[in-house]
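What follows is a single structure, written as structure tokens, with notes after it.
Residue numbers (the numbering used here), protein chains in the order written: chain A, 1 to 754; chain B, 1 to 322.
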């Protein structure tokens, strides 16, 4: 891969070389051997099992629950419901350090807001007994007709202006060429392969929660409020995550249920949310419906852009998808308005899913740009280059680092875009029609506060601790790379301890900000620990460095030595610690949020990218597959290109699913998600996966942090779906504005033969 | 899942006399037991019975034991060489892991994937509760059948293997309390009518012991084509199995079966009649496809299957006669 070559070339000039090297993840062997412990893997002595009972209507009132049969079944310890559960408090509204996914705790009232809502909880000795008893709980409802319609228009409510400049109405009216279309995206369910799970264990008035959470600190803070105990009495452990894609950012109702059940039965309780429950009770990307109006001159220069974005939300939470995330700054356009509004449906509360806002927003905007290119008879890459922005026109700020133009140009060259012929259905290969499409991508660049501790131990090991968690992307390895860089120790002598809320507070795994956030704190802590080590060396009698000025000493390859001498002539640091009768030296590292950093002030910070897609189309049988994707990413300096490319490839695969397959479908009669399993909710399988070519431009963004790193978890998904639908149009002549693209859409193609 | 007793049969007689549900690979039964759709009180394990062999018969045909796993059958040299349509159909179904478990007899009895059948919170399913109604009609019906449906049931038969066997004129051999008998595959599956709970010709206690395939006609070419939403691990929206014999550009012998569209593995006799003796041309293929779908009765969401099934037949015929 070109990325690795260019990074390797840069590495040759780097003194330590570990930063930017495509190293394997340090947690890889634990995962491939099945020894990594996920939340649901914890088995505690005396542990029992909880299974929720779900409502089978989506709107109405729970009239009566009959738990007598369930209560009498073998192994059943307790059936909890609204009538007998102790209070579950709400989390404090708008507390940024204690966010929950669903405001309303389970069982709070007898109203039913969505299908699958928890109405009771069975606790039994075994999971099988609890499952059987849960099925035996009888509920009577006063059912009402739910509203789960996918269509959000007609909408008569109030719009909220997100961003505005110029006079968009006048400019649209006067524009030479216009596009005015509405684009829709469906409910997508996060579907991380690891199920949501909670294992709760009380010791007196202290509780330990083994969780599958993207934020152990937030989770602890929120659960303390919800359970009505001091924050110090709650410990949250998340050693590994089988991903979350946003669905595990904040606690859901089951977390509190497991904890109160455990407090009730005075035994550890495990609650694993089933795959089917995960379609109704733990969030989803909401339906979006976005009207896009573009106006351009005959030369292709944008003069006006208006986005009116609706998304659905639940009856209990006002979840704003934020479809205007990337719209105000991606292109240069003097007149712009972005507005949004919410529409309530009888569904569980939506939750941020990989690239929230930007991903559905860019589907609409980049689809509209493709339609504009067609209307202008202009190449779609050319159209984007022509409208590239040199500053953030929403606020006048310069970009800290923006290379969208180079993404498009590099992608064009690698993809072979110059060979594209514009006419629909005009490209053929091996008895198939080819379609080529392109889209731009963007995602915000963030850095939040982080604290961490680094130790150098008498056991000869370096150790980092931080209450953050590795969502599965490689954060353990990022920590290890920084420790290796600073100490010169090999990975075999480095321990990274994450996923425990009692450690120094680190970031949520969200928004692609983990790497950018932890780097400066780990570097500072490592440097502090080394300084402490050198001070010990210079002040410990019996070492060769006793009495030396610590400033003249270095730690290299794990050895303390004089700066004037090679490391080989130094002394391993653990020998000095032993001589000094110390167990360890350690230091804390802290870094603040970029929002408070003078270096970042007045700058617009985003990542950029370009997606180039080829589809193969067999019109005779309406078979369409994505065959090739070239993706070029401008996400600052890439700390680990191997883990990074893995993220981008995974995101592209997810984008293929978004464009062609994924949709949670609700039965309109009762509001049930009817395809709530991994066979009927279609995600990409290996044979659906295209050839993917990932290139990182690798320009450091030093405004964000000293390493110049931004984030890569989400940017790879942005732009994939519109590039695919544009390629579909190019191959078939069918413009799909309502995802996913289905065979029934493709059958409308007038191209009947390859 | 409800509690059940489990016994392992050593002989066919022991199995058929045990009065329980037979379990082979379990890929359908265990799945449905977890959903409480199937609630057998007794499971009779038949994996130890001597029915796991594929044998060439003296008349040139093939005998396939009911316990032969889908993957073993698909890769059997005789099947690959002489019954390609069956091999292709098998390999287009499920996943490698499921095919390693699923058996020939079990796949013949595969139950529908209708989501309303699979979810016991719907009391209205005529397959599960005869006379209770059909939740699928008026529900999410994109994957449902368009041929052979009734006002009582629109559930699609999900199997690919059975479609291949339909086109090969397989015979199903069973053994039961009243002895052994043979049933032509064309007579094996019942239309739902007013009794969708009765899916096939098996009598209580009868066990499928093996399947026989007649010797393939020497000049015949075979194709299985499956159209679906994604490339793997996905049920058919429409599939076609074609066994064709042509000479001098004319169709001399033809068998066409369809999957993904019928309430049972669907033999397209009308298409065959429209093709017999005709030139192998696109116009005749299209006419045959029109004939095959002329009685199609789509639901609100699956009208596209009519056109898709026609295109599937045309392409499969084109491939089999090229």
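Cβ atoms here follow ideal geometry from the backbone N, Cα and C, with glycine treated the same way.
Query: Cβ of residue 229 (chain B) within 8 Å of any chain A Cβ; Result: yes
Query: CB contact flag (residue 499 (chain A), residue 216 (chain A), <8 Å); Result: yes
Query: Any 3 or more C-beta pairs closer than 8 Å across the segment 687-706 of chain A and the segment 159-166 of chain B; Result: no
Query: Spatial distance of residue 3 (chain A) from residue 96 (chain A) (CA atoms); Result: For residue 3 (chain A), the predicted structure reports a pLDDT of 40, less than 50, and the residue's modelled location is therefore unreliable. The matter cannot be settled from this model.
Query: Members of the segment 680-703 of chain A that neighbour chain B once the beta carbon cut-off is set at 8 Å; Result: 680, 682, 684, 685, 686, 687, 688
Query: Selection from A:516, A:616, A:342, A:383 that minimises the alpha carbon distance to residue 433 (chain A); Result: A:616
Query: Selected residue, minimal CA-CA separation from residue 193 (chain B), among B:126, B:238, B:251; Result: B:126
Query: CA-to-CA distance, residue 209 (chain A) to residue 78 (chain A), given in whole angstroms; Result: 20 Å
Query: Identified DSSP bridge partners for residue 171 (chain B); Result: B:184, B:212
Query: Per-residue burial, residue 317 (chain A) [other beta carbons within 10 Å of its own, 16 or more giving buried]; Result: buried
Query: Chain A contact for residue 150 (chain B) (CB, 8 Å cutoff); Result: no
Query: Residue closest to residue 681 (chain A), alpha-carbon to alpha-carbon, out of A:701, A:384, A:660; Result: A:660
Query: Residue-chain proximity (residue 13 (chain A), chain B), Cβ-Cβ < 8 Å; Result: Interpretation of residue 13 (chain A) is limited by its pLDDT of 36, a score under 50 that renders its predicted location unreliable; no figure is taken from the coordinates.
Query: Listed by chain order, chain A residues near residue 315 (chain B) by CB distance under 9 Å; Result: 618, 620, 621
Query: Closest residue to residue 11 (chain B) among B:98, B:45, B:320, B:308 (Cα-Cα distance); Result: B:45
Query: CB contact flag (residue 384 (chain A), residue 408 (chain A), <8 Å); Result: yes
Query: Short CB-CB distance (under 8 Å) between residue 663 (chain A) and chain B; Result: no
Query: Chain B contact residues for residue 743 (chain A), given Cβ-Cβ distances below 8 Å; Result: 227, 229, 237, 304, 308
Query: Cα-Cα separation, residue 204 (chain B) to residue 321 (chain B); Result: 43 Å
Query: Span of the beta strand (DSSP E) around residue 626 (chain A); Result: 623-634
Query: Cβ of residue 115 (chain B) within 8 Å of any chain A Cβ; Result: yes
Query: Exposure label - residue 6 (chain B); buried when at least 16 CB within 10 Å; Result: exposed
Query: Pair within 8 Å by beta-carbon distance, residue 241 (chain A) and residue 495 (chain A); Result: no
Query: Collapsed DSSP secondary structure at residue 619 (chain A) in the structure displayed; Result: helix
Query: CA-to-CA distance, residue 346 (chain A) to residue 388 (chain A), given in whole angstroms; Result: 41 Å
Query: From A:441, A:488, A:251, A:427, residue whose alpha carbon lies closest to that of residue 456 (chain A); Result: A:488
Query: Where residue 515 (chain A) falls: helix, strand or coil (DSSP); Result: helix
Query: Straight-line Cα distance separating residue 172 (chain A) from residue 299 (chain A); Result: 15 Å
Query: For residue 590 (chain A), the nearest candidate out of A:106, A:527, A:540, A:574 (CA to CA); Result: A:527
Query: Residues bridged to residue 211 (chain A) (per DSSP); Result: A:198
Query: Residue burial classification, residue 393 (chain A) (beta-carbon count within 10 angstroms, cutoff 16); Result: buried
Query: Own chain partners of residue 78 (chain B) with C-beta closer than 7 Å, once the 5 adjacent residues on each side are dropped; Result: 54, 56, 62
Query: Exposed unless 16 or more other CB atoms sit within 10 angstroms - verdict on residue 90 (chain A); Result: exposed
Query: Cutoff 8 Å: residue 625 (chain A) Cβ touching any chain B Cβ; Result: yes
Query: Cut-off 7 Å between Cβ atoms - residues of its own chain near residue 124 (chain A), not counting five sequence neighbours on either side; Result: 48, 49, 75, 76, 77, 130, 133
Query: Helix, strand or coil at residue 281 (chain A) according to DSSP, with G and I counted as helix; Result: coil
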